[in-house]
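As structure tokens, the structure follows; a few thoughts come after it.
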Amino acid sequence: MGVALGLSFAAHAEMMIGFSQIGSESGWRTSETASIKAEAERRGIDLKFSDAQQKQENQIKAVRSFIAQGVDGILLAPVVETGWDQVLKEAKDAGIPVVLVDRGVDASEDLYLTKVASDFVVEGALAAAWLAAETNGVCDVVELQGTVGSSAANDRKEGFESVVSNFPAINIIRSQSGDFTRSGGKEVMESFLKAENGGANICAVYAHNDDMALGAVQAIKEAGLNPGEDMLIVSIDAVPDIFKAMADGDTNATIELNPHLGGPSFDAIKAAKAGEEVPKWIKANGPLYLPDTAAEEYKMRSK
Ligand code: AHR
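Okay, so the sequence shown: first residue is 18 according to the working numbering, each after it adds one.
If you want it as structure tokens, here you go:
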């Protein structure tokens, strides 16, 4: 009897949480998914995972299905910023707290519990400040933007521009979306090099994520130039592969985006359930890394 009871308690999950993930467009995204799943398992949370394959309509369907299943809370990594009001209202009406993980939405704050995310504007500003210092404020930059309409792309662009606007000789000469993918970064960089007559005048690449920067590295090499030397490259995420590229001299700086967002998200839902106050934005910003520590970081992070 005692054993049977023990087993039934062990099988009862602490909470049932739905997680609507964007997809697996980048190395960072894959790490974030793995980290959130591992954290759920560690805490005995029954995690219902749904991969939206980059489509907002799939995310809306997933959220509705989580509501129908009566989950205790929902983690939503919104692919784009707009178009969430209706489904967030449905979750709110059902009494289910929604935590925005990693990206933000353009919707009233009372429709979700909290956002667990880095400040993307600060990341963009940090990238620009590094570039301005490195180039003495003189540089023609090309920008590889993330997914069109995403808060990560919008805010990283805004942060970068807000700093370079103070430097009249830093010009963003080309800017286009590579959709946060390595192949997108390569393709767009190839078109930039072509449009700029081979790219000898391009002083730097600002990529909204590391994967696009790594794609750009390939394109620059194939064009017969030396990435990291002929052209500075600064990006965001701090995935293991970018540390390898920095150690090899192919890129010059990255800003860390923390992928371990499960813990604070689950804590927020638990706190809300216990009637505690939860801040509207739980920030998770990371530092800028340079080539001097890249080999060591790569060794630690690629284990
Ligand atoms: O929303 C965060 C961004 O999305 C990461 O920088 C990028 O790698 C990802 O796919």
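Glycine is no exception: its CB is placed at the ideal position from the N, C-alpha and C atoms.
Shortest gap from the CB of GLY163 to any heavy atom of the ligand AHR: under 7 Å. Taking a C-beta distance under 8 Å as the contact criterion, ILE250 and PRO257 do not qualify as a contact pair. Between MET206 and ILE237, the C-beta gap is smaller than 8 Å, which places the two residues in contact.
Here PHE66 has PHE36 as same chain residues with Cβ atoms under 6 Å from its own Cβ, once five neighbours each way along the sequence are excluded.
Spanning the alpha carbons of CYS220 and MET248 requires a straight line of approximately 5 Å. Distance from the CA atom of GLU294 to the CA atom of ALA169, rounded to whole angstroms, is 27 Å. Within 7 Å of the C-beta of ARG120 there is at least one heavy atom belonging to the ligand AHR. Using a cutoff of 7 Å, the CB of SER37 does not count as near the ligand AHR, since none of the ligand's heavy atoms is closer than that. By the Cβ rule, the stretch 184 to 200 does not count as touching the stretch 121 to 136, because fewer than three pairs are nearer than 8 Å. DSSP links ARG191 through a beta bridge to VAL159. Taken atom to atom, the span from the alpha-carbon of LEU305 to that of VAL139 is near 11 Å.
Within 10 angstroms of the beta-carbon of MET229 lie 16 or more other beta-carbons, which makes it buried. The Cβ neighbour count for SER167, taken over all protein chains shown within 10 Å, is at least 16; the residue is labelled buried. The Cβ atoms of SER282 and VAL118 sit closer than 8 Å to each other.
For THR50, the closest of HIS225, GLY215, LEU278 and TRP101 by C-alpha to C-alpha distance is LEU278. If you ignore the 5 residues before and after ALA145, its C-beta comes within less than 6 Å of the C-beta of PHE177, VAL180 and VAL181, all in its own chain and listed in chain order. For ASN269, the CB contacts under 8 Å within the same chain, skipping 5 residues up- and downstream, are GLU151, GLY245, LEU249, ILE250, VAL251, MET263, LEU307 and PRO308 in chain order. Residues VAL295 of the same chain have their beta carbon placed closer than 6 Å to that of ALA288, with the five preceding and five following residues left out of the count. Rounded to the nearest angstrom, the Cβ distance from ILE77 to PHE83 is 11 Å, too far for a contact under 8 Å.
In the DSSP annotation of this structure, the continuous segment of the alpha helix (DSSP H) that includes VAL205 starts and ends at 199 to 212. Within the same chain, Cβ atoms closer than 6 Å to the Cβ of ALA149 are found at PHE184, the five residues on either side in sequence being excluded. Boundaries of the beta strand (DSSP E) harbouring GLY90: 90 to 93, taken from the DSSP string. In the structure shown, the three-state DSSP call for TYR306 is strand.
For GLU273, the secondary structure class from DSSP, reduced to helix, strand or coil, is strand.
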